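Each residue of the sequence shown is one higher than the last, beginning at 1 in the numbering used here. Report on one structure; see the data block that follows.
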Amino acid sequence: MFLTTFLGYQTTTAVNPQSFDAFGVTYRGVTCGRHNHFNSEIYAQANFACMGGKLNQTINSRRKNVGALVGKFEGFVRRRVTDSWSMGTLHLAPLFRKDVKERQNIFLTEHKGVGPDILVLNEDCEVVTAVTYKLTQVEKQPYTNLEIHICNKFQ
1 MFLTTFLGYQ TTTAVNPQSF DAFGVTYRGV TCGRHNHFNS EIYAQANFAC
51 MGGKLNQTIN SRRKNVGALV GKFEGFVRRR VTDSWSMGTL HLAPLFRKDV
101 KERQNIFLTE HKGVGPDILV LNEDCEVVTA VTYKLTQVEK QPYTNLEIHI
151 CNKFQ
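Below, the structure written as structure tokens:
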């Protein structure tokens, strides 16, 4: 009960759901591309990736949509996030854009990809950052171009 109150929840009775955390109604979170992820959604998805404070390797090692690009994500985050070198191994977890609970179930049962937004966690299940990526086909080339961006915080 304490963690629910402290970490946050979202009302389901309001016409426009409001995000709550320990400080009341808040509109803090990150923007990935044109999509906003509120802190309450991020906490719920970090909890999905961690079970009892330990990384759920089934979720974090699946990395369906990034596959061989994991090293590029880790290198990108290490270059851009100040203290990331002291955080040990970084892990990627899905950061769903909508219908979080439904998407979590689909991800687990059907092994579908996670979309372009990714939560970066350290070994202690702490959120390091969120990133988004886009693959674009290079004209008349046999490969695609990978664009990775750190999601911007908003308050």
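Just so you know, even glycine gets a beta-carbon here, dropped at the ideal spot from N, CA and C. Only a predicted model underlies this, so the values are computations on that prediction, with no experimental measurement involved.
- prompt: Is it buried or exposed for N145, if we count other Cβ within 10 angstroms and need 16 for buried?
  reply: Within the sequence shown, numbered from 1, the residue matching residue 145 stands at position 145. Exposed is the call here.
query: What did DSSP end up calling K134 once you bin it into helix, strand or coil?
result: For the purposes of this step, residue 134 is identified with residue 134 of the sequence shown, where counting begins at 1. Here K134 sits in strand by DSSP.
- request: Evaluate K153 with the Cβ neighbour count: other Cβ atoms within 10 Å of its Cβ, from every protein chain shown; 16 or more gives buried, anything less gives exposed.
  value: As a first step, residue 153 must be located in the sequence shown, where it is residue number 153. It counts as exposed.
field: Counted within 10 angstroms of its Cβ, other Cβ atoms place P94 as buried (16 or more) or exposed
entry: As a position in the sequence shown, residue 94 is number 94, starting the count at 1. Under this definition P94 is a buried residue.
Coil, strand or helix - E147 by DSSP: In the sequence shown, counting from the first residue as 1, residue 147 sits at position 147. In this structure, E147 counts as strand in the three-state DSSP scheme.
task: State yes or no: is the C-beta of V30 within less than 8 angstroms of the C-beta of V77?
output: Here residue 30 refers to the residue found at position 30 of the sequence shown. Here residue 77 refers to the residue found at position 77 of the sequence shown. Not in contact: V30 and V77 (Cβ atoms no closer than 8 angstroms).
- request: Quick one: give me the first and last residue of the beta strand (DSSP E) that K153 is part of.
  value: Position 153 of the sequence shown holds residue 153. Counting along the chain, the unbroken beta strand (DSSP E) around K153 starts and ends at N152 to F154.
- prompt: What's the gap between the Cα of V70 and the Cα of L92?
  reply: Taking the first residue of the sequence shown as position 1, residue 70 is located at position 70. Taking the first residue of the sequence shown as position 1, residue 92 is located at position 92. Their Cα atoms are separated by approximately 8 angstroms.
- prompt: With a CB to CB cut of under 8 angstroms and the five nearest residues on each side skipped, what residues in its chain are close to T89?
  reply: Here residue 89 corresponds to residue number 89 of the sequence shown, with the count starting at 1. Taken in chain order, the residues that qualify are N122 and E123.
task: Can you say whether S86 is buried or exposed, counting buried as having 16 or more other CB atoms within 10 angstroms of its CB?
output: The residue given as residue 86 occupies position 86 in the sequence shown. Answer is exposed; the Cβ neighbour count stays below 16.
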